[in-house]
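Residue numbers for the sequence shown, in our numbering: 329 to 638.
The structure under discussion appears below in the form of structure tokens.
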Amino acid sequence: MKKILLFIGIFFQLNGYAQNTIAQDLRISDYIEGTLLSPNSKTSTLAIIIPGSGPNDRDGNQNFVKNNSLKYLAEDLTNNGIATFRYDKRALSMLKKGASEKQIKQLRFSDFVNDTKKVIDFFVKRNRYNNIYIIGHSQGSLVGMLAVTENVTGFISIAGAGNSIDKIITEQIAAMGAPDLVESAQKTFSILKTGKLDKNFNPGLANIFNLDVQPFISSWMNYQPTEEIAKLTIPTLIINGTKDIQVSTSDAELLYKASTNGKLVLIENMNHVLKNVASDDAQENVKTYNMPQLKNTTELSKEIIAFIKQ
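Structure (structure tokens):
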């Protein structure tokens, strides 16, 4: 059950950043705040980085999960001449601004998509970048697919799911060897698909189907990643790590097969938070989720930089 929680985790001035980069904190809207990291040399290329599920900040961290995965990715790209903008998830921004419990409960998947569209529109109107790339990590992969506009040059999916969230959760429950819970989950999902809530869900699945969470899951279920990526006509890079214990390489392969202009890259020993893990032990893998000093696997940024600069 811990793996399921780990995956969905729904609820929720200018200064020198490095010798050759400049960081600028920007506020796009009430709930979109992030960091624009620019190289000292002029660039016409921007990569917008979308975080994964949960109240993630712009660096890819949560309260008790700190790995700086998106911070390191942004630094790697900007050190190679690509400006980056990464931002805090709406759920986190709402919590920081003292949003009411009712407001948090009203969050829907489309809110995340609309936030990304606002970020794209913000930079398009600044007329500073000729090439805008979207990089979505985990849940951010699907968000990015849905947010792509005619102003986006390319799309990059990192550890993005290939199936809809209901199928993913059902498969994870099945992997636990609990057939009764699988049947219960399928029953609840079938109800959610009708637009209703399941008030009589199996108590053994309360951490997934809490009534406060069901509306969000229902809104998330509306999207099938393979169908959405098939709509993209822009160059697409699909990346997954072979040591990802949350999203398997088979998900990346599903996305690749569905894409019309895609490239698939499987990075040996990279896990879900973009770290190099040699061991097959799940506990050793998860330890890296809370090792902020550990840099990302170098192969990741190399592949993304080559894709953007091709």
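For each residue, glycine too, the CB sits at the ideal point set by N, CA and C.
Cβ distance (whole Å) where residue i is taken to contact residue j below 8 Å
i              : j              : result
tyrosine 400   : glycine 362    : At roughly 16 Å, the Cβ-Cβ gap does not stay under 8 Å, so tyrosine 400 and glycine 362 are not in contact.
tyrosine 461   : alanine 375    : 5 Å
glycine 482    : isoleucine 562 : 5 Å
asparagine 530 : serine 512     : 4 Å
valine 541     : leucine 565    : The Cβ separation is near 32 Å, so there is no contact.
Delimiting residues of the alpha helix (DSSP H) encompassing residue i
i             : result
leucine 470   : 467-475
threonine 577 : 577-586
arginine 454  : 437-454
glutamine 434 : From DSSP, glutamine 434 is part of no alpha helix (DSSP H); its letter is neither H nor E.
Selection from the options that minimises the alpha carbon distance to residue i
i                 : options                        : result
leucine 435       : Ser369, Lys446, Gly464, Leu420 : Leu420
asparagine 624    : Asn538, Glu612, Asn604, Pro553 : Asn604
glutamine 621     : Asn589, Ile356, Asn389, Lys524 : Asn389
threonine 371     : Asn597, Asn408, Ala351, Leu582 : Asn408
isoleucine 567    : Ile463, Leu509, Val510         : Ile463
glycine 468       : Asn384, Asn589, Gly569         : Asn384
lysine 446        : His465, Val480, Lys425, Ser428 : Val480
glycine 472       : Tyr457, Arg454, Phe437, Ile496 : Phe437
isoleucine 595    : Lys585, Asp609, Asp404, Lys630 : Lys630
tryptophan 548    : Gly505, Ile497, Ile632         : Ile497
lysine 524        : Leu582, Leu533, Pro543         : Pro543
asparagine 368    : Ser381, Asn589, Gln352         : Gln352
phenylalanine 413 : Gly380, Met422, Leu364         : Leu364
Residue range of the unbroken beta strand (DSSP E) whose run includes residue i
i              : result
serine 645     : One cannot answer for residue 645 here, as it falls past the ends of the chain, which runs 329 to 638.
leucine 594    : 590-595
leucine 565    : 564-569
aspartate 353  : 349-357
isoleucine 484 : 482-486
Short CB-CB distance (under 8 Å) between residue i and chain D
i           : result
proline 553 : Within the model displayed, chain D is absent; a lone protein chain is all it includes.
Self-check item: Contained beta strand (DSSP E) runs [length at least 3] in the region 490-549, N- to C-terminal order
Solution: none
Exercise. Flag this pair as touching only if the region 390-399 and the region 349-360 have three or more C-beta atom pairs under 8 Å; answer yes or no.
Key: no
Quiz item: Which full runs of the beta strand (DSSP E) of 3+ residues lie inside the region 366-427, going along the chain?
Solution: With a minimum length of 3 residues, the continuous beta strand (DSSP E) runs that stay inside the region 366-427 are 373-378, 411-415.
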